[in-house]
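Before any comments, here is the structure.
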């Protein structure tokens, strides 16, 4: 077992948040400020604020992550520096803000909020902390507006990816979303697809589950559907250079998915003549995963199997700080692994995907 | 094992808790309704800081839809992944049973649907001596 | 001895069911032009619905007992095969209409398949919009010992672990019948949680997600706690996704136990004790070492039940087993595991 202590590791999933939505006001017009104060942000949810399923801990975050100066977990750069970047030797951290902006039903409002959130990331976080980078959040249910948002920030070194949420209102590879992928490729940026969002459909394809436990487990299945759509619709065929990162979706399901998809594809090939490669070949070429939440099999060597079957070059460390199901980088590879593999996992793959 | 003073009992009232350091080991000490309990602060699951967790009661259920609530305030929930530990004994109520690597006997108590898991938070003896709260660590 | 736990007789058209329904439903069907209820889960001409060598020159495959005997039982050497009819009766919105067709389908299966061919058994099909009717149908069909399980589609309006469905599990346990979830949907929900895909390939693939969500629901809702003798059989589900799902449920359960405090066994234990999977489709690797390792991940060699999924196209020729399944494992899959799962087959064990 390696004892090499790695410093300057990459954390591919960090969630900063605003103290209040007022923090975005410097980048919002008077009209949108008033609109938000009166009408809030209209989402595909049953509550005005908060998530459809109540979380395990308030704000879905670690209880020990409240900043000393106040505010919700993840709202303080200073505290994030201490508790996350310094403590865990992180040299490259990617911000994936889940502040309400994407998936807001009023598309113009969604675009305005996304623009503000992108400014907020660049100017309050990345500008003040060289170890951090940002993700371009886009109003994905308006793909043309999303492409515009991507073009607006293209070339700005603060941003290392385009961010989508996994629960899109149509399967993620659907042609309506293609302007987003085209713009991302043109900008030379990977597309990160992070679990969550509200599609407007039940969170499973068999209706609404009763429990948060089911919602959390179910993110794996929902991301599977999105991935299948990307492959089968031909997004990777159309853009061979596109890199997609599945964030916070789990990854141990990926080998099974590839076996199943290849098998069904071989039988139903005539339906999808636009696909020139096997589905698994697209997945291996175009897709990466972040590690959190890491599964916990009884026998840790089964996890090693999954890393080997999927490939050590395909999985990147993520902490999901400050969420409650946070993974500690010191404990995350708890089975024998070579120095070379651990370096790929903690640094090398992120370098390849994001230019870390 | 040595005895370490935590605080004067008068300054450590019920419903409060403290984090002390003994030779580099972080120890969480709780006053629950006048009784003191101490445990190693590090959650055996992934190292979360137990002192920052919430004290809850124990929710059990003999059958779906029926709830039995007891031991109010005696269960510490790790602030990270929410694993539950009995403050008195350190035993977890994590039922992620490892068939091969069990550290402690796992059994189902009669009339309850509670399975004690193999993870244990290490508890430490606490006493009050001459009006001082003392932990053995 | 070999027991094929998943084959499909095909209904040629609704007229085939008319003899088994009351006069007014027959007349309504004719007057309103209810000609066919063939589910979009298995469109007629797609390569998966019927393997080329089982597809007749015209009409549907597997419409008679004689065809099944000739194409499936004899060549594969199965002593018993369980018929799981997939005609879209569950998709009917009117409760009464659905009930008429459900009863007709179950009677048709008995008369056309079980009566002429002693090697055949059947699952009791029910519709879920009216649970009392579903239970009534189970009670009606259960006395025939050739009914060996209750069949539900995996794609349903609500997760099947929810208490509204429990009268079905009560009836199942009362009659010692396993409950099977089979690939396919009643289309009360879109095929995926992200809506409607563009391709049938995606629709078919999405069954795997449905199975995963459903197994999670059964666990979280405590169905296995409430019904510790219930057996759940997943048919045409694939099974290589099972270990990752079990690990994920277990991980979250550890921290969310208080949301589901009745759960007293780990997901892995529950699967080992109460859940089984038909062999086809394997959806697995070609490398025999990997397959063996997957069986390790599953944690038990008792989980798989032999199936051909006839006449669906899941494998070529006679290649039902992947490389890496040794003879003793094959014997368990062919015989022991099915016999342990379906207690009504005990009499047939030779």
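Chains as they are written, first to last, in the working numbering: chain A, 31 to 386; chain B, 5 to 141; chain C, 97 to 446. Ideal placement from N, C-alpha and C gives every residue a C-beta, glycine not left out. Note that the structure is predicted; figures quoted are calculated from it, not measured.
Secondary structure at residue 252 of chain C: coil, using DSSP grouped into helix, strand and coil. Residue 165 of chain C and residue 372 of chain A have their C-alpha atoms some 56 Å from each other. For residue 67 of chain B, the C-beta contacts it makes with chain C under 9 Å involve 318, 321, 322 and 358, in order along the chain. The contact set of residue 262 of chain A on chain C, defined by CB atoms closer than 9 Å, consists of 293, 294, 295, 297, 298 and 301 in chain order. Neighbours of residue 331 of chain A across chain B, judged by C-beta separation under 9 Å, do not exist; the nearest C-beta is about 11 Å away. Neighbours of residue 86 of chain A in chain B, taken as residues whose beta carbon is under 7 Å from its own, are 86 in chain order. Sequence-distant Cβ neighbours of residue 62 of chain B in its own chain, meaning closer than 6 Å and more than five residues away, are 74, 75 and 79. Only 354, 355, 356, 358 and 361 from the region 348 to 362 of chain A bring a Cβ to less than 7 Å from some Cβ of chain B. For residue 352 of chain C, the residues of chain B that pass the 7 Å Cβ criterion are 86, in the order they occur in the chain. In the displayed model, residue 140 of chain C falls within coil according to three-state DSSP, outside both helix and strand. At the C-beta level, residue 65 of chain A and residue 139 of chain A come within 8 Å of one another. Contact between the region 149 to 168 of chain C and the region 402 to 419 of chain C is present, with at least three C-beta pairs closer than 8 Å. Spanning the alpha carbons of residue 58 of chain B and residue 81 of chain B requires a straight line of approximately 5 Å. Across the set C:100, C:296, C:105 and C:436, the C-alpha of C:436 shows the shortest separation from the C-alpha of residue 274 of chain C. For residue 97 of chain B, at least one C-beta of chain C is nearer than 8 Å to its own C-beta.
Here residue 263 of chain A carries a helix assignment [DSSP, helix/strand/coil]. The C-beta distance from residue 103 of chain A to residue 91 of chain A rounds to 4 Å, short enough to meet the 8 Å contact threshold. Contact between residue 84 of chain B and residue 356 of chain A holds: CB atoms are separated by about 6 Å, below the 8 Å threshold. When the five nearest sequence neighbours on each side are left out, the beta carbons in the same chain lying within less than 6 Å of the beta carbon of residue 44 of chain A are those of 123, 125 and 351, in order along the chain. DSSP places residue 346 of chain C inside the alpha helix (DSSP H), whose first and last residues are 338 to 352. Interface with chain B (8 Å Cβ-Cβ cutoff): residue 41 of chain A is excluded.
Chain-order list of chain A residues neighbouring residue 58 of chain B: 87 and 93, by C-beta distance under 9 Å.
The beta carbon of residue 105 of chain A sits no closer than 8 Å to any beta carbon of chain C. Burial state of residue 135 of chain B is exposed, judged by a 10 Å Cβ sphere holding fewer than 16 other Cβ atoms. Taking C-beta atoms under 8 Å as the contact rule, residue 330 of chain C and residue 371 of chain C qualify, at a distance of about 7 Å. A residue is called buried once 16 or more other Cβ atoms fall within 10 Å of its Cβ, and residue 302 of chain A is buried on that count. Neighbours of residue 305 of chain C across chain A, judged by C-beta separation under 8 Å: 234, 235, 251, 252, 254 and 255. The C-beta distance from residue 35 of chain B to residue 358 of chain A rounds to 29 Å, too long to fall under 8 Å, and the pair is not in contact. Taking 8 Å as the cut-off, the beta carbon of residue 402 of chain C is found no closer than this to the beta carbon of residue 440 of chain C. When CB distances to chain A are screened at a threshold of 8 Å, the residues of the region 28 to 56 of chain B falling below it are 50, 51, 52, 53 and 56, in chain order.
Not a single C-beta of chain C is nearer than 8 Å to the C-beta of residue 45 of chain A. Check the Cα spacing between residue 92 of chain B and each of B:127, B:65 and B:70: the tightest is with B:127. Fully enclosed alpha helix (DSSP H) runs of no fewer than 4 residues occupy 161 to 164 and 191 to 205 of the region 150 to 212 of chain C, in order along the chain.
Looking at the DSSP output, residue 371 of chain C bridges to C:328. For residue 124 of chain B, the secondary structure class from DSSP, reduced to helix, strand or coil, is strand.
Taking the CA atoms as reference points, residue 340 of chain C sits about 20 Å from residue 241 of chain A.
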